[in-house]
Amino acid sequence: MSTLDPVDYAVISQGLIAAAREMGAKLIRSAYSTIVREASDASAALLDRDGNVVAQAELIPMQLGPMADTFRACAALYPVDELVEGDFYINNDPFAGGQHLQDVFIYSPIFVDGKVIGFAGTVAHHLDLGGGNPGLTTAAADVHAEGFIFPPSKYNLKRDWYGGPLERLVAANIRVPAQTIGDFNAQFAANAIGGQRVTQICEKYGVDSVTAVMTELMDYSERRFRAALIEIPDGTYYGEDALDDDGLTDKPLEVKATLVVKGDTISVDFAGSCPQVTRNLNCPFSSTVSSTLSAIKSVLTSPDIPFNEGVKRPISITAPKGSLLNPNYPAPVRARMEAGYRCFNAVMKALAQIVPDRVIAGGNDTTTVTSISHLDEGKYRVYLEVFGGGYGASLNTDGCDAVDAPLSNCANTPIEATDMDFSHFRIVGYGLLPDSCGHGRHRGGLGFYRRYEILKDDVNFAIYADRFRLSPYGLFGGTDGEVARCEVERGGEIISVKSKDMLDLRKGDILTLYTAGGAGYGPVGERPSEAVRRDVEHGYITPETAKSVYGLEAAE
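Residue numbers (our numbering): 1181 to 1736.
In structure tokens:
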């Protein structure tokens, strides 16, 4: 680093970050499915030749944390030095560095003067990858029932993909081939633009300078993070949370975290967490790592520290093999985000004992996913969406209303987009839920509802969610947020839908999903009267709630 001009370092490092962000934009704008094109359920990063993440687009935290581990599972079988132009790695195996099958990781080598100097990597959530049920299989007995598995592999784009054997194999095993193959092509396009940008930087500054900056950028993040850890008192801290249930019984699934801070290092151990379950809530270890990293990074570091491999170096994470957070093959893992969020919550509660001014209260800290699918004249239409809700409050501000939770970070799908793509349902209601927030010095964000009218018979509906039983938790005197629920109105009868469920819908059914609200932060009595009145004026809380919770008449 001593021979690298500081100005060159600044320009190159920001160029790499900009290239990763451009990859993310390219991927989303090129995609075919609503889940990627509209909801942005995809991520992109640049890696060095050893698979260390150097720079990334700020998209989905859950997908990006273990990207290096997903890569290394491929490189261990197919060494980097043996790659040729057009080769790529692909992996979605949850028991070989992947997460769940729908998130497919693709890495394309970046060649300069015939040598690999790094990789462009992308991951996208694919709307349908086969499996036992369109879009989502809630009752999968094992991972094989959840879709198509790409073990850590190497293929060649020209030989195997564009009309080649791999593309035809994938297309033959999925229900919406045009859409899914289109999203794969978007990943390849994004990787290509990342490779082009890195090559252009190399042409201007030289390969040695660019690779030196890659190393220094990671070292910089490590130095900044270690400096932040030094400021935290050494000690052992505990946190725990639980999933509502496993979809079969009412028993909560506990997640326990022990944090040990020592000097400029931090370790997290999930010993004591519940064993793996038979349903799809198991969390592959890579997802456990990603959830934990996200909580620590968001609370203990500054937002201007690049989230790359350097941030991970001072952190060690362990979870018992065979537990919910490190399951044994072939456990189903499709809904791993639910357990991942409880990792996030448990770590956040432990961190609340260290830095109470930086944490957030509980919120719609879950992934609520619904799939509404229909087979019409031999063709499937598969709609899947990830829903947000109320964000938890913090020391300085109220929680946001109707946003996705921290690990997912997806956007909502516009109603116009669903109208264009799907004819078996239409959205007939969409709005905030007054009084769904927790209360306190700062209130939580509001959840929302989304209502669908089913337009055809034999529509398949599946859901996985949480926070239907156990409320989002308040902090330091704040009250809990409201729980979520789902129901179907059929002929005047209301049918309650469980948080992990699947049922057939009929023409005329009205399906409504209500998401959870965020919890409050700080004592209720410390909320200013002006803020309560403003909430009433905007319809966020009702006059009755203003009086019963805050002791304030709306007309005062």
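Quick reminder that beta carbons are idealized off the backbone N, C-alpha and C, glycines included.
Note that the structure is a prediction, hence the values are computed from the model and not measured.
**Prompt:** Does the separation of the CB atoms of Cys1463 and Ala1422 fall below 8 Å?
**Reply:** no
**Item:** Sheet register partners of Val1233 (DSSP bridge)
**Value:** Leu1227
**Request:** Would you check if the distance between the CB atom of Asp1638 and the CB atom of Ala1585 is smaller than 8 Å?
**Result:** no
**Prompt:** Alpha carbon to alpha carbon, what distance is there between Tyr1189 and Met1181?
**Reply:** Because the pLDDT at Met1181 is just 43, under 50, the model does not fix this residue reliably, and the point stays unresolved.
**Asked** Of the residues Val1729, Asp1399, Val1393, Val1562, which one's Cα is nearest the Cα of Tyr1212?
**Response** Val1562
**Asked** Just checking my contact of Lys1529 with Glu1662 at CB under 8 Å: how many whole Å lie between their CB atoms?
**Response** Contact flag wrong, Cβ pair sits at about 20 Å.
**Message:** Let's test the definition: count the other Cβ atoms within 10 Å of the Cβ of Ile1721 and tell me whether it reaches 16, buried, or not, exposed.
**Reply:** buried
**Prompt:** Would you call the stretch 1288 to 1299 and the stretch 1315 to 1324 touching, i.e. three or more CB-CB distances under 8 Å?
**Reply:** no
**Prompt:** Going along the chain, which residues of its own chain have a beta-carbon closer than 8 Å to the beta-carbon of Arg1606, five neighbours each way excluded?
**Reply:** Thr1598, Asp1599, Tyr1632, Glu1633, Leu1635
**Item:** Local Cβ density within 10 Å of Ala1200, reported as buried at 16 or more and exposed below that
**Value:** buried
**Prompt:** Leaving out the 5 sequence neighbours to the left and right, which residues in its chain are closer than 7 Å to Ser1709 when beta-carbon positions are compared?
**Reply:** Leu1732
**Asked** So who's on the other strand from His1305, going by DSSP bridges?
**Response** Asp1283
**Prompt:** Are the CB atoms of Val1729 and His1604 nearer to each other than 8 Å?
**Reply:** no
**Message:** Across the stretch 1248 to 1263 and the stretch 1406 to 1414, are there enough close Cβ pairs to call them in contact, namely three or more that are closer than 8 Å?
**Reply:** They do not touch, by the three-pair rule.
**Request:** Could you check what DSSP says for Cys1254 in three-state terms: helix, strand or coil?
**Result:** Under the three-state reduction of DSSP output, Cys1254 falls in the helix class.
**Prompt:** Whose C-beta lies closer than 6 Å to the C-beta of Val1457 among residues of the same chain, with five residues either side of it excluded?
**Reply:** Asp1426
**Message:** If I follow the unbroken alpha helix (DSSP H) through Phe1524, where does it start and stop?
**Reply:** 1516 to 1532
**Message:** Out of Gly1452, Leu1433, Tyr1417, which one is the CA nearest neighbour of Lys1442?
**Reply:** Tyr1417
**Asked** Could you give the distance in angstroms between the alpha-carbon of Ala1735 and the alpha-carbon of Glu1596?
**Response** Note that Ala1735 scores a pLDDT of 46, beneath 50, so its modelled location is shaky; the value from the coordinates is reported in the next line. Whole-angstrom Cα-Cα distance: 40 Å.
**Item:** Three-state secondary structure (DSSP) of Gly1391
**Value:** A quick correction: the sequence has Thr, not Gly, at residue 1391. Helix, per DSSP.
**Asked** From Ala1304 to Ser1223, what distance separates their C-alpha atoms?
**Response** Whole-angstrom Cα-Cα distance: 6 Å.
**Prompt:** Does the stretch 1367 to 1374 come close enough to the stretch 1445 to 1457 to have 3 or more Cβ pairs within less than 8 Å?
**Reply:** no
**Prompt:** Going by other Cβ atoms of all chains shown within 10 Å of its Cβ, with 16 needed for buried, is Tyr1653 buried or exposed?
**Reply:** buried
**Item:** Outcome for Leu1349 when other beta-carbon atoms lying within 10 angstroms are tallied against a minimum of 16
**Value:** exposed
**Message:** Quick check: what's the CA-CA separation for Gly1386 versus Asp1399?
**Reply:** 20 Å
**Request:** Tell me whether Ser1482 is buried or exposed, calling it buried when 16 or more other Cβ atoms sit within 10 Å of its Cβ.
**Result:** exposed
**Message:** Rounded to the nearest angstrom, what separates Val1527 and Ala1475 at their Cα positions?
**Reply:** 7 Å
**Request:** May I ask you to report which of helix, strand or coil DSSP gives Thr1692?
**Result:** Here Thr1692 sits in strand by DSSP.
**Prompt:** How many whole angstroms separate the CB atoms of Arg1516 and Ser1467, which I take to be in contact at a CB cut-off of 8 Å?
**Reply:** 5 Å
**Local conformation of Ile1674 per DSSP, three classes** = strand
**Request:** Run through the stretch 1561 to 1589 for me and flag every whole beta strand (DSSP E) of 3 or more residues, listed as ranges in chain order.
**Result:** Taking only runs of at least 3 residues, no beta strand (DSSP E) segment lies wholly in the stretch 1561 to 1589.
**Asked** Does the distance from the C-beta atom of Phe1628 to that of Leu1613 stay below 8 Å?
**Response** Taking the C-beta atoms as reference points, Leu1613 is found nearer than 8 Å to Phe1628.
**Prompt:** What is the DSSP secondary structure of Leu1239, counted as helix, strand or coil?
**Reply:** coil
**Prompt:** Who pairs with His1324 in a beta bridge, going by DSSP?
**Reply:** Per DSSP, none; premise fails for His1324.
**Prompt:** Is the beta carbon of Gly1278 less than 8 Å from the beta carbon of Leu1227?
**Reply:** Contact flag unset, no.
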